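Chemist: Input: one structure, supplied below.
Protein chains: 2
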Amino acid sequence: MGNQMTEMLKGTLEGIVLAILARRSAYGYEITAWLRDRGFSDIAEGTIYALLVRVEQRGFVDVEKVPSEKGPPRKVYSLNAKGREQLAEFWRTWSVLAERIEQLHHNDHRQDEGA
Amino acid sequence: MGNQMTEMLKGTLEGIVLAILARRSAYGYEITAWLRDRGFSDIAEGTIYALLVRVEQRGFVDVEKVPSEKGPPRKVYSLNAKGREQLAEFWRTWSVLAERIEQLHHNDHRQDEGA
DNA sequence: ACCAGTACCTAGTGCTACTGTATACCGGTA
DNA sequence: TACCGGTATACAGTAGCACTAGGTACTGGT
């Protein structure tokens, strides 16, 4: 993937996955496929699994092992209360950053205004 | 600073600084102060200097040493052509990411819509 | 002589995403 | 039977970035 996007995903990818899990429970392989369907073109599979381990260890999600007809058992993740709080915090941080950057973007197109 | 914001700044802080330099040339101490004035509350000084070294090594900026009446000489950075191209690339990447995330943010508030 | 403000620099740390590889289960096919 | 592709997870090693916590150096005021 583009190096720039890779760096930008740091700190946001976790929020993205939590947001997906807020809509419905899902397992790693599914999330990866979902992300690829949307524009997140080629997020490495390994990345998602590592992230899911992380959020599980932090207690943001509950896990349930569910047998699959098509392969090995799935680990289905559900967002819990703590995870929902974390997601809310993510949106707060994101909003602050996005707003400040959009301001810069604006000013970037018409130079000089001191304040 | 908040851990979340710290992680989110990875990959975006460079773009932010380039955007600042697109408006006018500046030196490290000045940029740090500027960022603190704006909402980027407590970005560490060391961070900015390290970042400036990086973008200089990549050839995105030109540097000029200017004596100061108030302390040691300043290293004034100016965005050059290559830097302007990098900044444009940054805005492209940012736009893609921000759009996708905003979509998620939207859907986050009214559940289920399959596609 | 000392301190605060200005201005810069650097080694080491922690966190995160990526790469590459390994494991395992299933169905289809040669 | 043997093999391959799709499904599904896991993990060790790598690279990049912001932060911490120092340090250097120049100026003016007390």
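Chains C and Z are the protein sequences, given in the same order. Per my numbering, the first sequence runs over residues 1 to 115. Per my numbering, the second sequence runs over residues 116 to 230. We put the CB at the ideal spot given by N, CA and C, even for glycine. Quick caveat: nothing in here was measured; it's all calculated off a predicted structure.
Could you give the distance in angstroms between the alpha-carbon of Leu104 (chain C) and the alpha-carbon of Leu150 (chain Z)?
Modeler: By 1-based counting over the first sequence, the position of residue 104 (chain C) is 104. By 1-based counting over the second sequence, the position of residue 150 (chain Z) is 35. Spanning the two alpha carbons is a distance of roughly 11 Å.
Chemist: Run through chain C and tell me which residues come within less than 8 Å of Lys243 (chain Z), C-beta to C-beta.
Modeler: The shown model of chain Z, from 116 to 230, leaves out residue 243 (chain Z), and the question about it has no answer.
Chemist: Counting only beta-carbon separations shorter than 9 Å, does Thr208 (chain Z) have a partner in chain C?
Modeler: As a working note, residue 208 (chain Z) is residue 93 in the second sequence. For Thr208 (chain Z), the answer is yes, since a Cβ of chain C falls inside 9 Å of its Cβ.
Chemist: What distance in whole Å lies between the Cβ atoms of Leu133 (chain Z) and Leu194 (chain Z), which are believed to be in contact at a cut-off of 8 Å?
Modeler: The count along the second sequence starts at 1 and reaches residue 194 (chain Z) at position 79. The count along the second sequence starts at 1 and reaches residue 133 (chain Z) at position 18. About 6 Å separates the beta carbon of Leu194 (chain Z) from that of Leu133 (chain Z), a gap short enough to meet the 8 Å contact definition.
Chemist: Counting C-beta neighbours from all protein chains within 10 Å, is the total for Ala26 (chain C) 16 or more, i.e. buried, or is it exposed?
Modeler: Against the first sequence, residue 26 (chain C) aligns to sequence position 26. Label assigned to Ala26 (chain C): buried.
Chemist: Just to confirm before moving on: does the CB-CB distance between Leu128 (chain Z) and Ile158 (chain Z) stay below 9 Å?
Modeler: The count along the second sequence starts at 1 and reaches residue 128 (chain Z) at position 13. The count along the second sequence starts at 1 and reaches residue 158 (chain Z) at position 43. It is a contact, given that the beta carbons lie within the stated cut-off.
Chemist: When the Cα of Arg207 (chain Z) is compared with those of Z:Lys125, Z:Gly143, Z:Gly130 and Z:Asp177, which residue comes out closest?
Modeler: Sequence index remark: in the second sequence, residue 207 (chain Z) carries index 92 (1-based). Taking only the C-alpha atoms, the option nearest Arg207 (chain Z) is Z:Gly130.
Chemist: Would you kindly report the start and end of the unbroken beta strand (DSSP E) that includes Asp157 (chain Z)?
Modeler: Here residue 157 (chain Z) corresponds to residue number 42 of the second sequence, with the count starting at 1. No beta strand (DSSP E) holds Asp157 (chain Z); DSSP gives it neither H nor E.
Chemist: Can you give the Cα-Cα distance for Glu171 (chain Z) and Val53 (chain C), rounded to whole angstroms?
Modeler: Translated into positions along the second sequence, residue 171 (chain Z) becomes position 56. Translated into positions along the first sequence, residue 53 (chain C) becomes position 53. If I take the Cα positions, the gap works out to 38 Å.
Chemist: Measure the CB-CB distance between Ala137 (chain Z) and Arg199 (chain Z) and report whether it falls below 9 Å.
Modeler: Residue 137 (chain Z) sits at position 22 when you count from the first residue of the second sequence. Residue 199 (chain Z) sits at position 84 when you count from the first residue of the second sequence. In contact: Ala137 (chain Z) and Arg199 (chain Z) (Cβ atoms closer than 9 Å).
Chemist: Can you tell me whether Met123 (chain Z) is buried or exposed, with buried defined as 16 or more other CB within 10 angstroms of its CB?
Modeler: As a position in the second sequence, residue 123 (chain Z) is number 8, starting the count at 1. Met123 (chain Z) is buried by the Cβ-count criterion.
Chemist: Run the CB neighbour count on Val181 (chain Z), radius 10 Å, all protein chains shown included, and call it buried at 16 or more, exposed below.
Modeler: Taking the first residue of the second sequence as position 1, residue 181 (chain Z) is located at position 66. Sixteen is the threshold: since fewer than 16 other Cβ atoms of the shown chains lie within 10 Å of the Cβ of Val181 (chain Z), the residue is exposed.
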